[in-house]
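*Asks:* Note that full-length UniProt numbering has the sequence shown beginning at 1, numbered continuously upward.
For every residue, glycine included, the Cβ atom is placed at its ideal position computed from N, Cα and C.
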Amino acid sequence: NGLHFRATSATAEQLESAFMHQLTEKMQRMAPNLWHLFFALLNSTLQQWRAMGRNVKVGDEEMDIYVEEERDLGEFGGDDIGGMVYEDDVDEEADGKCQCHAAERNAALLITRTIVMISICLQTSNAQCNLLQGWLGFFMRSVCVPEKVVEVFAHAGSSISLTSIHNAVLSISKEISSKIKCEVRTLQAGFAYNNFDIQFKATQPMLEHQGSFVSATSATVIPLYGINNNNADALQSSVQLWDRDSHNPSPSVLPVMMEWKSFLQLHKNDAYSRQTHPNKLSPCQEAFSWHVRAILVNQVEGFKHFTKELNEPDTVKRIPLHKTTQIPCQAMDIKQSTPDGNIEVLNSLFRQGGISDPCESEFDVEHDVDMLEHIILIHGNLLTKE
1 NGLHFRATSA
11 TAEQLESAFM
21 HQLTEKMQRM
31 APNLWHLFFA
41 LLNSTLQQWR
51 AMGRNVKVGD
61 EEMDIYVEEE
71 RDLGEFGGDD
81 IGGMVYEDDV
91 DEEADGKCQC
101 HAAERNAALL
111 ITRTIVMISI
121 CLQTSNAQCN
131 LLQGWLGFFM
141 RSVCVPEKVV
151 EVFAHAGSSI
161 SLTSIHNAVL
171 SISKEISSKI
181 KCEVRTLQAG
191 FAYNNFDIQF
201 KATQPMLEHQ
211 GSFVSATSAT
221 VIPLYGINNN
231 NADALQSSVQ
241 LWDRDSHNPS
251 PSVLPVMMEW
261 KSFLQLHKND
271 AYSRQTHPNK
281 LSPCQEAFSW
291 HVRAILVNQV
301 EGFKHFTKEL
311 NEPDTVKRIP
321 LHKTTQIPCQ
331 AMDIKQSTPD
341 GNIEVLNSLF
351 RQGGISDPCE
361 SEFDVEHDVD
371 MLEHIILIHG
381 NLLTKE
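1) Along the chain, where does the alpha helix (DSSP H) containing ALA12 start, and where does it finish?
2) Between the Cα of ILE198 and the Cα atoms of ALA331, SER237 and HIS155, which residue gives the shortest distance?
3) Can you give me the C-alpha to C-alpha distance between GLN123 and GLU175, rounded to a whole angstrom?
4) Within this structure, are the beta carbons of SER238 and HIS374 separated by less than 8 Å?
5) The beta strand (DSSP E) that contains GLN326, what's its start and end?
6) Hey, out of ASN248, GLY190 and LEU241, whose CA is closest to HIS379's CA?
7) Can you check which of these residues, LEU296, HIS267, GLN285 and ASP314, is closest to PHE306 by C-alpha distance?
8) Beta-carbon separation of ILE355 and ARG185 under 8 Å?
9) Evaluate TRP35 with the Cβ neighbour count: other Cβ atoms within 10 Å of its Cβ, from every protein chain shown; 16 or more gives buried, anything less gives exposed.
10) Excluding five sequence neighbours on each side, which residues of the same chain lie with their C-beta closer than 7 Å to the C-beta of THR11?
11) What's the call for TYR193, buried or exposed, on a 16-neighbour Cβ count within 10 Å?
12) With DSSP as the reference, label PHE196 as helix, strand or coil.
13) DSSP state of ASP340, grouped into three classes?
14) Considering only DSSP beta bridges, list what VAL369 is partnered with.
15) Check whether the Cβ of THR324 lies closer than 8 Å to any Cβ atom in chain B.
16) Only counting the same chain, and skipping five residues up and downstream in sequence, which positions put a Cβ closer than 8 Å to that of ASP357?
17) For VAL150 and SER17, I'd like the C-alpha separation in whole angstroms.
18) MET140: buried (16+ other C-beta within 10 angstroms of its C-beta) or exposed?
19) Whole-angstrom Cβ separation of ILE160 and GLN133, contact assumed at under 8 Å?
20) Rounding to the nearest angstrom, what Cα-Cα distance links LEU170 and PHE263 in this structure?
21) Based on the DSSP output, what are the partners of ILE378 in its beta bridges?
22) When the Cα of ALA107 is compared with those of ASN342, ASP270, LEU224 and HIS21, which residue comes out closest?
23) Out of curiosity, what's the CA-to-CA distance linking SER282 and ASP270?
24) If we ignore side chains and look at the alpha-carbon of each, how far apart do LEU187 and ASN248 end up?
25) Rounded to a whole number of angstroms, what is the C-alpha to C-alpha distance between LEU266 and LEU15?
26) Mapping the DSSP letters down to three states, classify VAL221 as helix, strand or coil.
27) Under a Cβ-count criterion, where at least 16 other Cβ atoms within 10 Å of its own Cβ denotes burial, should GLY341 be classed as buried or exposed?
28) Comparing C-alpha positions only, which one of VAL143, GLY137 and THR163 sits nearest to ALA156?
29) Near GLU147, which residues of its chain fall below 8 Å by C-beta distance, leaving aside the five closest residues on each side in sequence?
30) Considering just the uninterrupted stretch of the alpha helix (DSSP H) at THR163, what are its terminal residues?
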């Protein structure tokens with residue numbers, strides 16, 4: 001029934017899906033009576049029924065959810081949530097929005113607990129009904145939950161075993177590695193990387209062992225947008241750029257030097273900063289004045305009533321929004337704060353992407369792609385330029 005989590009063939013697409021919504025619809029459709037039973041048990045305390053109810057859509061159904069106040073998941077289970085607080089000066093519209101938000105929040109928490117309870121019952125009857133347990137196990141692995149804690153959840157029926165979690169991680173890692181190579185070998189993708197720090201604390205700190213601090217590097221692959229057959233040759237210009245680079249000790253073409261008169265002409269042709277009328281601000285001054293008004297309205301209490309009149313600033317050469325994808329790379333135990341560290345990071349990224357210099361010993365003739373003539377766009381920080 002689609003409730004089996006196959007650890008040895010887990011995919012990244014499964015992790016990106018809205019599995020809670022899918023489980024809600026499937027459980028309501030396949031076991032409606034069981035769903036209503038658990039949901040009623042969780043939403044049946046005296047304070048909840050006395051509280052003001054609000055109709056909220058849960059899956060495909062409309063249900064009355066208490067909106068006494070917004071609660072966290074840990075508050076379900078019998079804790080006293082207190083009484084409702086009424087104030088004469090409360091804005092009715094704002095109060096209605098708060099109640100609506102609280103109802104939706106509480107409904108989501110009730111759904112989560114209902115799914116957990118039903119999933120435990122399903123796995124008890126059939127060990128292969130472990131979809132939720134697989135998700136929770138992989139999540140706990142991703143946030144470095146101690147193995148002893150994972151074992152407790154597994155024995156309680158809320159997680160898969162440690163072996164299954166490791167199999168799922170291995171399966172997804174192989175899939176992502178294949179995606180990285182397929183994308184990078186097109187030579188139409190860029191890399192973005194940054195440093196991150198991890199402090200490993202010792203269980204019992206001592207003078208000679210007080211823990212460790214590791215500075216590592218994470219990276220991702222970003223497919224380039226707008227590359228097609230008409231302009232793909234623009235990326236195959238590494239040799240031409242190096243011939244004109246000022247750092248080239250023996251350039252075959254003299255680099256083009258921009259004269260100051262050329263920059264002066266750019267300022268003369270700049271209409272954005274030019275004041276076309278003595279009684280009107282230039283577009284640049286209008287933008288600055290809008291930011292001043294925004295600071296007053298948003299930061300000064302006496303100007304809050306002008307919020308609706310602030311509007312948006314005039315746009316200038318707006319870049320269209322485009323949703324892109326990214327493929328995370330393997331984290332690297334490399335400190336990128338030195339030129340040598342940046343070189344190591346780039347070499348590691350190129351190896352992960354399956355591109356290299358054919359003259360290198362690690363070049364795989366059958367699979368790797370020659371990158372020498374192409375430009376690879378890199379986004380980084382620290383000493384990336386070096």
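*Replies:* If we stick to the structure as given:
1) By one-based count along the sequence shown, residue 12 stands at place 12. Unbroken alpha helix (DSSP H) run through ALA12: 12-16.
2) Counted from its first residue, the sequence shown places residue 198 at position 198. Comparing Cα positions, the closest option is ALA331.
3) Residue mapping note: residue 123 aligns to position 123 of the sequence shown, counting from 1. Residue mapping note: residue 175 aligns to position 175 of the sequence shown, counting from 1. Their Cα atoms are separated by approximately 27 Å.
4) For the purposes of this step, residue 238 is taken as the residue at position 238 of the sequence shown. For the purposes of this step, residue 374 is taken as the residue at position 374 of the sequence shown. Closer than 8 Å, so yes.
5) Position 326 of the sequence shown, counted from the first residue, corresponds to residue 326. Segment: none, GLN326 is in no beta strand (DSSP E) and carries neither H nor E.
6) Taking the sequence shown and counting its residues from 1, the one referred to as residue 379 is at position 379. Nearest C-alpha to HIS379: GLY190.
7) Position 306 of the sequence shown holds residue 306. Among LEU296, HIS267, GLN285 and ASP314, the Cα nearest to that of PHE306 belongs to LEU296.
8) The residue labelled residue 355 in the question sits at position 355 within the sequence shown. The residue labelled residue 185 in the question sits at position 185 within the sequence shown. Cβ distance < 8 Å, so ILE355 and ARG185 count as in contact.
9) In the sequence shown, counting from the first residue as 1, residue 35 sits at position 35. So TRP35 ends up on the buried side.
10) If you number the sequence shown from 1, residue 11 lands on position 11. Here the set comprises ILE172 and GLU175.
11) Numbered from 1 along the sequence shown, position 193 holds the residue referred to as residue 193. Buried.
12) The residue you call residue 196 lines up with position 196 of the sequence shown. If DSSP states are grouped into helix, strand and coil, PHE196 belongs with the strands.
13) Residue mapping note: residue 340 aligns to position 340 of the sequence shown, counting from 1. If DSSP states are grouped into helix, strand and coil, ASP340 belongs with the helices.
14) Numbered from its first residue, the sequence shown carries residue 369 at position 369. Note: VAL369 sits in a beta bridge opposite ILE355.
15) Of the protein chains in this structure there is only one, and it is not chain B.
16) As a working note, residue 357 is residue 357 in the sequence shown. Taken in chain order, the residues that qualify are PHE363, ASP370, MET371 and LEU372.
17) Residue 150 sits at position 150 when you count from the first residue of the sequence shown. Residue 17 sits at position 17 when you count from the first residue of the sequence shown. Taking the straight line from one Cα to the other gives about 23 Å.
18) If you number the sequence shown from 1, residue 140 lands on position 140. So MET140 counts as buried.
19) Taking the sequence shown and counting its residues from 1, one reaches residue 160 at position 160. Taking the sequence shown and counting its residues from 1, one reaches residue 133 at position 133. About 5 Å separates the Cβ atoms of ILE160 and GLN133, confirming a contact at the 8 Å cut-off.
20) Indexing the sequence shown from 1 puts residue 170 at position 170. Indexing the sequence shown from 1 puts residue 263 at position 263. Whole-angstrom Cα-Cα distance: 55 Å.
21) Sequence index remark: in the sequence shown, residue 378 carries index 378 (1-based). Answer is PHE191.
22) Here residue 107 refers to the residue found at position 107 when the sequence shown is read from its first residue. Checked all of ASN342, ASP270, LEU224 and HIS21; the closest Cα to ALA107 is HIS21.
23) The count along the sequence shown starts at 1 and reaches residue 282 at position 282. The count along the sequence shown starts at 1 and reaches residue 270 at position 270. When rounded, the separation of the alpha-carbon atoms in SER282 and ASP270 is 11 Å.
24) Numbered from 1 along the sequence shown, position 187 holds the residue referred to as residue 187. Numbered from 1 along the sequence shown, position 248 holds the residue referred to as residue 248. Taking the straight line joining both Cα atoms gives about 24 Å.
25) In the sequence shown, counting from the first residue as 1, residue 266 sits at position 266. In the sequence shown, counting from the first residue as 1, residue 15 sits at position 15. Using only the alpha carbons, I get a separation of about 50 Å.
26) By one-based count along the sequence shown, residue 221 stands at place 221. Here VAL221 sits in strand by DSSP.
27) For the purposes of this step, residue 341 is taken as the residue at position 341 of the sequence shown. Buried, because 16 or more other Cβ atoms sit within 10 Å of the Cβ of GLY341.
28) If you number the sequence shown from 1, residue 156 lands on position 156. Comparing Cα-Cα distances from ALA156 to each of VAL143, GLY137 and THR163, the minimum goes to GLY137.
29) Within the sequence shown, numbered from 1, the residue matching residue 147 stands at position 147. Correct list, in chain order: LEU162.
30) Here residue 163 refers to the residue found at position 163 of the sequence shown. Looking at the DSSP string, the run of the alpha helix (DSSP H) that includes THR163 is 162-184.
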